[in-house]
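One line per chain: the protein sequences are A and B, in this order.
Letter 34 of the first sequence, counting from 1, is numbered 35 in our numbering, and no numbers are missing.
Letter 443 of the second sequence, counting from 1, is numbered 450 in our numbering, and no numbers are missing.
Quick reminder that beta carbons are idealized off the backbone N, C-alpha and C, glycines included.
Computed from a predicted model, the values in this text were never measured in an experiment.
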Amino acid sequence: MSDPRTDTLPPSGAPVRLWHLAFRSRNLVIGLALTLVFVIGALLSFLWTPYDITGLDIANKIKPPSARNLLGTDHFGRDILSMIMVGARTSIAVAVVAVGIGMVFGVPLGLWAAARKGSLLDEVIMRANDLVFAFPSLLIAILITAIFGPSAVNAIIAIGIFNIPVFARLTRSGALSLWQRDFILAARVAGKNSARISVEHILPNVTNLLIVQGTIQFSLGILAEAGLSYVGLGAQPPTPSWGRMLAESQTMISFAPHMALFPGLAILLTVLGLNLMGDGLRDLFDPKLQRSRT
Amino acid sequence: MTHMLKTTSLASVLALTASMAVAQQTDLTIGLQLEPPHLDPTSAAAGAIDSVLYANVFEGLTRFGPDGSVGPGLATSWEISEDGLTYTFTLAEGVKFHDGTTFDAEDVKFSLDRARAEDSANAQKALFAGISEVTVVDPQTVEVTLSAPDGNFLFNLAWGDAVIVAPESIENIKTTPIGTGAFMFDNWVQGDRIDLVRNEEYWGAPAYLDSATFKFISDPTAAFAAMMAEDLDAFYAFPAPENLPQFDADPRFKVIVGSTEGETILAMNNKMPPFDDVRVREAVAHAINRQEIIDGALFGYGSPIGTHFAPHHPDYVDLTDISDYDPEKSKALLEEAGIETPIQVKMTLPPPSYARRGGEIIAAQLRQVGIEPQIENVEWAQWLETTFRGKDYGLTIVSHTEPLDINIYARPDYYFQYDNPDFQALMEKVAVESDPEARSEMFKTAQTTIAEDYVNAYLMQLPLLTVAKTGLMGLWPNAPTQATDLTGVTWEE
């Protein structure tokens, strides 16, 4: 109990056991596999896609899946598989940066608030967070992109802002329980100030929480990006985006369902994958919870 | 007992529906994409107002026919003086407004004076600018004096902005339009529909339909669903051309393909570098493959144009060869103009699918020659604000749906900022010319001038795509003006 790390992480020097545990968790494996498929697809698209998507090929528009175009073509004759691969890039980039914004601002705020628990600063930070929470995030994101113009960058900022309070709260609540611990007292006695304690002792111990939450926020970010693109406020053409692919295929769904089906599945599977992965990671990091489940 | 009761009531319901199905349908529910902001056609530019009210509720002295010709409306005949300055209109007799008040020469004077007044809110004040005086001769006769001869005057009076309104009902016209037409305004459920009922005391041939409902459905997917579910009897100007083959294949429906007055253009900001150089504009024009845009954005409906003039107009000259698809020539022109490619330009796209889809296709075509449009999708309000009024754009796509609107090229402060004094002089001349031959020649010269100056890239004439139930007859196939004239609409026996 004196070493806080044993509470949360398996003993060091046991990577084999970690892998063993990971593979026992079906959620984690499936989630990781799904996520990897899309990440690899996105990375691959930098080097190679089945077809070039910047050129249009009107003569080959709205072709159902075939050997030539595995997932068919869209209304401009572009290969849907290639579009989904490049679209994954947009989704992942937006989500990564948005989660990054949330962590970079949210985590220090949460640590700071926890270190000064009960002070005016704590109040100010947390009430400001409540304020951001009080607004429906997608509406505000629409507002932001409507004011500053629709673009992927503005979508990232809009989604990122709403990640800040999520991480701030999580960090604060995780940190608060840690501040009660003996080893923090020991650190204090050793003469470390609260900033140093936060960085050296609190932060490493909330990392697991942050990783799990980050995975979930990542999937929410992908959903939010798809939503914004769907209403035309995300990445602008010709940058492909899953949400816009859905929106554009809407009137053709009755005779070309493949145009909506595949980007829809891409969103579904990525979000599902990330959520499963988040669940799996939580189980892995928190053996107590897993035991109680099984 | 209960069971029997149920069966009987069910049977009677069935019988009732059956008898209703046999009876001839005498009403109509028709879908439109845009809802009017209010109901006064004489004080707003919104074409959606005319789409509901023109010819149905409001009438002018003259009116457009389905083919765009100008014929008698509330004025049954007219005489034009030798010098072309005085028009004497004889008005129809026994005409009453829907509120029961009589229509006479005073109403004409009131309407025209109101439209041309200093503080008039009329969106097309230019139509009345030539009028110097309106005189009431007797209740059935009105005399209009012009300051200069105007070959277009009868055409001008046929516009929806020139309909006759009454001083008695002008106050509430925006919510309760009172006109002289074959249909009376009944009810407006904002955001949903406008109901019209037949005017039993109409002075002319009465309408066949008892009542008509205009349903406003802006979303193409919802429009498709509503038609397929037969919630609508027709959809005028159907927004999604990709769905038409399905309607065509369905025996319940027919598709009417007509033409609008909508010259769809890729407008260029003529004052903004690099488009201030005619060679760059020419390069843009040659980089564009019209057929690809028509196939990709309009699914094959629509005809290519080479100038800002409707192909169905008798004076139309086919100038598509001046700006034929020739990307090599584009590259050469850009090089000649000393343009460092790739160049980045801002391209704003309003919501209609011809603009959004067409814009993506054009962007891909322009990229082939080294012009990189940065697409920005905007809503109409934003487009009007920043592109149309603010002129903050490089390229944009829009359809100009007013009839015979080539004179917009004579306005140097119009959003594409084309300033050619010769062209302006030509338009002034054509405005006062009443000889048809000479007018025709002038229009041909005007078309050639703007095509050779590559003011804009002229893409295609927007089609009018209407979906209707098979038995519905009498809808206008073409749109010579913004109107959904239901006065001649009937159901097949």
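Taking CB distances under 8 angstroms as the criterion, tell me whether residue i reaches chain B.
i	result
methionine 253 of chain A	yes
proline 5 of chain A	Because the pLDDT at proline 5 of chain A is just 45, under 50, the model does not fix this residue reliably, and the point stays unresolved.
proline 51 of chain A	no
methionine 278 of chain A	no
Just the chain B side, please: which residues come within less than 8 angstroms of residue i by C-beta, in chain order?
i	result
glycine 150 of chain A	Glu383
Consider the Cβ of residue i: report whether some Cβ of chain A lies at a distance smaller than 8 angstroms.
i	result
glutamine 454 of chain B	no
glutamate 367 of chain B	yes
aspartate 302 of chain B	yes
threonine 393 of chain B	no
threonine 348 of chain B	no
glutamate 501 of chain B	Beyond the ends of chain B as shown, which are 8 and 500, falls residue 501 of chain B; an answer cannot be given.
glutamine 351 of chain B	no
arginine 396 of chain B	no
phenylalanine 7 of chain B	Since the first and last residues shown for chain B are 8 and 500, residue 7 of chain B lies out of range.
threonine 228 of chain B	yes
arginine 374 of chain B	yes
Can you pull the chain A neighbours of residue i, defined as C-beta to C-beta under 7 angstroms?
i	result
threonine 182 of chain B	Correct list: empty, because the minimum Cβ distance to chain A is about 30 angstroms.
Taking DSSP as the reference, what is the three-state secondary structure of residue i?
i	result
methionine 354 of chain B	strand
serine 139 of chain B	strand
serine 255 of chain A	coil
histidine 407 of chain B	strand
phenylalanine 71 of chain B	strand
serine 230 of chain A	helix
proline 213 of chain B	coil
alanine 247 of chain B	coil
phenylalanine 160 of chain B	helix
glutamate 86 of chain B	strand
asparagine 194 of chain B	strand
phenylalanine 65 of chain B	strand
glycine 279 of chain A	helix
proline 443 of chain B	helix
lysine 193 of chain A	coil
glutamine 214 of chain A	helix
glutamine 489 of chain B	coil
aspartate 331 of chain B	coil
Given that residue i touches chain B, what residues does it touch there, using C-beta distances under 9 angstroms?
i	result
proline 264 of chain A	The contacting residues do not exist; proline 264 of chain A stays about 16 angstroms from chain B at best.
Can you pull the chain A residues whose beta carbon is under 9 angstroms from the beta carbon of residue i, in chain order?
i	result
alanine 371 of chain B	Thr55, Gly56, Leu57, Phe77, Pro239
glutamate 299 of chain B	Leu57, Ile59, Ala60
phenylalanine 231 of chain B	Thr252, Ser255
If the cut is a Cβ gap below 7 angstroms, which residues of chain B does residue i touch?
i	result
lysine 62 of chain A	Gly303
glycine 233 of chain A	Asn384
phenylalanine 256 of chain A	Gln253
In the DSSP assignment, what are the bridge partners of residue i?
i	result
isoleucine 37 of chain B	B/Phe221, B/Ala241
aspartate 145 of chain B	B/Thr148
tryptophan 243 of chain A	Answer by DSSP bridge pairing: none, since tryptophan 243 of chain A is not bridged.
leucine 153 of chain B	B/Ile138
methionine 467 of chain B	B/Thr271, B/Pro311
For residue i, which residues in chain A fall below 8 angstroms Cβ to Cβ?
i	result
alanine 212 of chain B	Going along chain A, no residue has its Cβ under 8 angstroms from alanine 212 of chain B, so there is no contact; the nearest lies around 39 angstroms.
Beta carbon of residue i: closer than 7 angstroms to some heavy atom of the ligand NAD?
i	result
glutamate 343 of chain B	The ligand content of the structure shown is nil, which means the ligand NAD is not present either.
Meets three-Cβ-pair contact criterion under 8 angstroms: the segment 318-338 of chain B and the segment 358-366 of chain B: no
Given 8 angstroms, three or more beta-carbon pairs between the segment 391-405 of chain B and the segment 270-277 of chain B: yes
Given 8 angstroms, three or more beta-carbon pairs between the segment 163-177 of chain A and the segment 210-217 of chain A: yes
Cβ contact (3+ pairs, closer than 8 angstroms) linking the segment 72-82 of chain A and the segment 246-265 of chain A: yes
Contact between the segment 96-115 of chain B and the segment 170-179 of chain B (3+ Cβ pairs under 8 angstroms): yes
Cβ contact check for the segment 304-314 of chain B and the segment 452-462 of chain B: 3 or more pairs under 8 angstroms: yes
The segment 289-297 of chain B touching the segment 322-341 of chain B, judged by at least three CB pairs closer than 8 angstroms: yes
Three CB pairs or more closer than 8 angstroms across the segment 87-97 of chain A and the segment 242-260 of chain A: yes
Three-pair Cβ contact test at 8 angstroms for the segment 225-241 of chain B versus the segment 38-51 of chain B: yes
Meets three-Cβ-pair contact criterion under 8 angstroms: the segment 73-88 of chain B and the segment 219-231 of chain B: no
Meets three-Cβ-pair contact criterion under 8 angstroms: the segment 112-121 of chain B and the segment 193-207 of chain B: no
At least three beta-carbon pairs within less than 8 angstroms, the segment 108-124 of chain A to the segment 279-286 of chain A: no
Meets three-Cβ-pair contact criterion under 8 angstroms: the segment 109-116 of chain B and the segment 129-140 of chain B: no
Touch test, the segment 142-160 of chain A against the segment 192-208 of chain A, Cβ-Cβ under 8 angstroms, three pairs minimum: no
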